[in-house]
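Engineer: Residue numbering for the sequence shown follows full-length UniProt numbering, starting at 1 and increasing by one per position.
First the structure, then my questions, so here it is.
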Amino acid sequence: MHAWRSLSRSLLVFTNVLFLLLGSVLVSIGAYMASLPALTEFSDGGVASSVIMCGSLIILIALLGCCGAQWESKVFLFPYAILVLVSVIAQLSLAGFLTHVHSSLVEVAKHNFDLSVLAPADQKTLRWINKRFKFVYYGCGLDVDIDLSGKHSRSLITSCSNPKFAWFAPFVEENCPIGHEQLHPGSNFLKCAGPSFSLNNAMTEHTMLCACETRMISWVNDQSVLVAVFVFVIVALEILLVALSCYIIHSRRYRRYGYQEITMPVRQQPYNPHPRNYFGQQAGQRQPLNSQPAYSSYGPAKGENPYAAAASGRKNNKTGC
1 MHAWRSLSRS
11 LLVFTNVLFL
21 LLGSVLVSIG
31 AYMASLPALT
41 EFSDGGVASS
51 VIMCGSLIIL
61 IALLGCCGAQ
71 WESKVFLFPY
81 AILVLVSVIA
91 QLSLAGFLTH
101 VHSSLVEVAK
111 HNFDLSVLAP
121 ADQKTLRWIN
131 KRFKFVYYGC
141 GLDVDIDLSG
151 KHSRSLITSC
161 SNPKFAWFAP
171 FVEENCPIGH
181 EQLHPGSNFL
191 KCAGPSFSLN
201 NAMTEHTMLC
211 ACETRMISWV
221 NDQSVLVAVF
231 VFVIVALEIL
241 LVALSCYIIH
251 SRRYRRYGYQ
261 EITMPVRQQP
271 YNPHPRNYFG
281 QQAGQRQPLN
291 SQPAYSSYGP
301 AKGENPYAAA
311 ASGRKNNKTG
321 C
């Protein structure tokens with residue numbers, strides 16, 4: 001029992017130290033994501049703040065787990081187990097949602113990114129990307145030139161009239177290519193932009209969205225799969241942590257310094273601090289370990305019970321003798 005409890009404590013402490021590092025990494029990643037204008041604007045700041053909150057929550061839970069495992073304290077282990085269970089439920093919901101998003105993206109990719117083939121709820125989820133793109137596009141005041149001569153590293157040359165959205169121009173150049181491959185008949189870009197598209201026409205928000213949509217949706221699809229797998233692994237580990245914490249709470253009553261310490265034996269001990277064990281002993285003399293108290297010095301006569309003389313004295317006083 002003691003060996004299993006020690007092993008459980010060690011595993012719980014070690015795993016929660018790893019979670020402390022994980023939470024610190026998530027907070028750092030969230031702070032880095034908040035410094036990226038492209039991601040911050042497209043997600044309206046929600047992704048970075050969510051990552052920072054998750055990292056902070058993981059750090060709090062890991063601290064409770066470390067303290068509870070080190071001290072075997074129910075005060076820390078019980079709220080730790082509750083918080084981990086809540087985290088497991090939330091992460092399973094997130095993983096299920098991302099798995100559903102992945103299946104929806106696979107389905108829409110088979111139909112050349114035509115969102116009309118999806119259910120209304122799925123269309124609403126995926127059209128969020130389009131709405132954010134439209135907001136940033138008109139906020140930027142994008143000016144686009146197409147150069148297919150090969151003199152530049154990219155076929156698009158863009159600029160923004162609004163300095164607040166200056167980051168959007170290099171984002172479009174990198175992620176929304178319009179080159180010979182995209183202009184090939186039957187490409188996804190031309191299917192989205194329509195058969196009437198021509199390089200002589202001015203670039204519109206719909207045209208740029210068609211150029212960006214394929215890559216953006218593919219990126220979201222890849223990230224959803226990665227996050228879902230990561231979440232399932234973390235959930236399995238957290239379930240193990242809950243089991244270990246419950247085991248430590250259950251076995252706490254059998255530990256060495258606990259309930260057994262206040263259970264005193266009924267039999268008299270050699271050094272029980274009772275006056276009769278020390279009365280009449282010579283100064284500086286100590287009894288050896290496990291020795292019985294010496295009664296010879298307690299009474300007036302050798303070998304006589306000291307309480308017998310006291311009892312006879314009281315009897316004589318009562319009779320008047």
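Cβ coordinates follow ideal geometry from the N, Cα and C atoms, glycine included.
1. Return the CA-CA distance between Met33 and Leu226, expressed in angstroms with no decimal places.
2. Name the one or two DSSP bridge partners that Leu156 has.
3. I need the DSSP call for Glu238, collapsed to helix, strand or coil.
4. Classify Ser15 as buried or exposed, calling it buried when 16 or more other Cβ atoms lie within 10 Å of its own Cβ.
5. By Cβ distance below 8 angstroms, which residues in the same chain neighbour Glu181 in space, the five residues on each side in sequence not counted?
6. Consult DSSP for Pro177 and reduce its assignment to one of helix, strand or coil.
7. Enumerated in chain order, which unbroken segments of the beta strand (DSSP E) with a length of 3 residues or greater are wholly contained in the region 70 to 123?
8. Are Ala211 and Cys176 close, meaning C-beta to C-beta below 8 angstroms?
9. Please check the pair Leu26 and Ile61, which I expect to be a contact at CB under 8 angstroms, by giving their CB distance rounded to whole angstroms.
10. Hey, is the region 77 to 85 in contact with the region 94 to 102, meaning 3+ C-beta pairs nearer than 8 angstroms?
11. Does the count of Cβ pairs from the region 188 to 197 and the region 131 to 140 closer than 8 angstroms reach three?
12. Less than 8 angstroms between the C-beta atoms of Ser8 and Tyr247, yes or no?
13. Give a yes or no on whether the C-beta atoms belonging to Val231 and Ala95 are separated by under 8 angstroms.
14. Quick check: the Cα distance between Ile146 and Phe133, rounded to an integer number of angstroms?
15. Within 10 angstroms of its Cβ, does Gly68 collect 16 or more other Cβ (buried), or is it exposed?
16. Do Leu126 and Phe168 have their beta-carbon atoms positioned less than 8 angstroms apart in this structure?
17. Please report how far the alpha carbon of Ser149 lies from the alpha carbon of Leu199, in whole angstroms.
18. Using the C-alpha atoms, what's the distance from Leu98 back to Leu118?
19. Would Val88 and Ile239 qualify as a contact pair, given that the criterion is a beta-carbon distance under 8 angstroms?
Structural biologist: Per the coordinate set shown:
1. 17 angstroms
2. Ile146
3. helix
4. The residue you asked about is not Ser; residue 15 is Thr in the sequence shown. Result: buried.
5. Ser187
6. coil
7. none
8. yes
9. About 12 angstroms separates the two Cβ atoms, so there is no contact after all.
10. no
11. no
12. yes
13. yes
14. 20 angstroms
15. buried
16. no
17. 13 angstroms
18. 16 angstroms
19. yes
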